Amino acid sequence: MHSSFRLLAVAACASLLFACAKKEDGAASSSGELTTDAQKFGYAIGVDLGNSLKPVQSHVDIKALEAGLNDVTSGATPKLDDAAREEIKNKVSKVMQEEQVKQREEAATKAKEEGAKFLAENGKKEGVKTTASGLQYEVITEGSGTPPTAADKVTVHYKGTLLNGEEFDSSYSRGQPVTFPLANVIPGWTEGVQLMKPGAKYKFYIPSDLAYGERGAGVKIGPNQTLIFEVELIEVAKDDAPSK
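First residue of the sequence shown: 298, per the working numbering; consecutive thereafter.
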């Protein structure tokens with residue numbers, strides 16, 4: 298089920314709960330005070346309902362919502378039959394989905410442009426190097442020993458931020474480094490960490506096509522986002538398995 302349709306379902310459930318609370322104990326006092334449990338429960342559900350409706354509020358007529366709620370709780374015949382209600386819910390859900398697709402496309406275009414502009418300026422800064430792929434990095438601390446290959450496992454501490462400085466992930470915050478096969482991460486990481494020696498700390502500026510591209514990742518990383526990582530290479534586990 299599409300997320301916008303889920304929001305409508307949540308709103309409907311919240312409305313019914315609110316109706317039950319209101320029917321049991323009546324409306325809150327004229328002063329607006331909440332004196333009974335039913336009034337408090339009804340108000341709490343109303344707040345939840347309002348929060349649920351925020352993303353779709355431009356598509357919801359609150360007075361019509363109240364009218365539908367009152368018709369159900371009073372036993373009146375609904376003004377829309379089952380088929381009509383299903384039709385309008387599907388219609389509005391489709392409209393909201395189209396709006397979300399458009400918003401995502403616009404966000405992707407904006408992020409791509411902002412990323413390209415940032416990297417163009419950042420690449421001119423002293424100490425920042427740019428590889429053939431477009432990956433940018435600067436050395437904070439050099440290490441020693443043998444750099445990893447893409448076939449190795451590495452143990453690292455890292456912090457990831459967006460261009461606006463918002464942190465989206467950090468092993469430092471969790472208080473524990475992570476270990477993973479270097480071939481199993483985004484291309485910018487696979488390439489960049491191979492430049493490091495154990496004990497080194499680098500800062501990477503990763504273009505979106507070397508990160509998560511148009512798909513983004515999770516809630517915080519949108520489509521075409523350029524990412525910044527501070528990475529500390531703690532240990533390399535060489536792949537000593539014989540080749541087949």
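Quick reminder that beta carbons are idealized off the backbone N, C-alpha and C, glycines included.
Quick caveat: nothing in here was measured; it's all calculated off a predicted structure.
(request) Could you spell out the range, first to last residue, of the alpha helix (DSSP H) harbouring Ser349? (result) 334 to 350
(message) Is the separation between the beta-carbon of Gly519 and that of Ile503 shorter than 7 Å?
(response) no
(message) Is the separation between the beta-carbon of Glu439 and that of Ala508 shorter than 7 Å?
(response) no
(request) Tell me whether Val516 sits in a helix, a strand or coil according to DSSP, three-state version. (result) coil
(message) At 3 residues or longer, what runs of the beta strand (DSSP E) sit wholly inside the region 444 to 493?
(response) 450 to 458, 464 to 467, 475 to 478
(request) Could you tell me which of Arg512, Pro375, Ile531, Thr333 sits nearest to Glu402, measuring between CA atoms? (result) Arg512
(request) Assuming Asp442 contacts Pro478 (C-beta within less than 8 Å), just tell me the rounded distance between them. (result) According to the sequence provided, residue 442 is Gly. The question's Asp does not apply to it. Incorrect: roughly 19 Å between the Cβ atoms, too far for contact.
(request) Could you tell me which residues DSSP puts in a beta bridge with Ala361? (result) Beta-bridge pairing links Ala361 to no other residue.
(message) Can you tell me which residues form a DSSP beta bridge with Lys391?
(response) In the DSSP output, where bridge partners are listed per residue, Lys391 has none listed.
(request) Could you tell me the distance, in whole angstroms, from the CA atom of Leu492 to the CA atom of Asp358? (result) 58 Å
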